[in-house]
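A quick write-up on the structure given underneath.
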Amino acid sequence: MIAIASDHRGFKMKAEIMRYFDEHEIKYKDYGTFSEESTDYPEKAKEVALAIQKGKAEKGILICGTGLGMSIAANKFKGIRCTVCYSEDVARYARKHNNSNILALGAEVNTIPEAIEIVRIWLATEFEGERHKMRLEMIEEIENENFK
Ligand code: RB5
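Residue numbering for the sequence shown follows my numbering, beginning at 19 and increasing consecutively.
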């Protein structure tokens, strides 16, 4: 299950990604926003991050103008590894090395076909583990020191 959300700037890109999911029978839950009316991205990032923390979704996708605000907000949640990906290569590394569990996209940075390809690769790529696992454990230690 994939939790997906956007702000107003990412609304159209979200709709196209959901259409791709429908066509490929990929399960998702849409956490909004549900129109192009202005909305605040931290609220959407919070909903998707909590869905993952609570085990309601395995992965998440967040879309705003740049993906940056979404990723900053999502990464405030323990256990969230939100990565902004603007290219296919970065999407691959985000999964292989960082075990990214939320993909942040920039609706004003990538075209919709580019974003769909980034999503496809990000979903298809597995975490490599090994030395990268140890580095993620170091991040977990930082979380344990800094989050309640
Ligand atoms: C909204 O105006 C814009 O700031 C948002 O979509 C995003 O780009 C934030 O990082």
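All C-beta atoms in this analysis are idealised placements derived from N, C-alpha and C, irrespective of residue type, glycine included.
- With 16 or more other CB atoms across the displayed protein chains lying within 10 angstroms of its CB, Lys62 is buried.
- Between Ala91 and Lys64, the beta carbon gap of about 7 angstroms places them in contact (Cβ cut-off 8 angstroms).
- Going by DSSP, Tyr46 is part of the beta strand (DSSP E) stretching over 46–48.
- For the stretch 40–87, the full-length beta strand (DSSP E) segments reaching 3 residues or more read 46–48, 77–82 along the chain.
- Listed in chain order, the alpha helix (DSSP H) runs fully inside the stretch 122–154 are 130–142, counting runs of at least 4 residues.
- Here the residues close to ligand 1, judged by CB distance below 6 angstroms to any of its heavy atoms, are Asp25, Arg27, Tyr59, Cys82, Gly83, Thr84, Leu86, Gly87 in chain order.
- Going by C-alpha positions, Tyr104 is about 24 angstroms away from Lys151.
- In this structure, Phe165 is the residue among Lys114, Phe165, Asp107 with its C-alpha nearest to the C-alpha of Lys94.
- Rounded to the nearest whole angstrom, the CA to CA distance from Gly78 to Phe145 is 16 angstroms.
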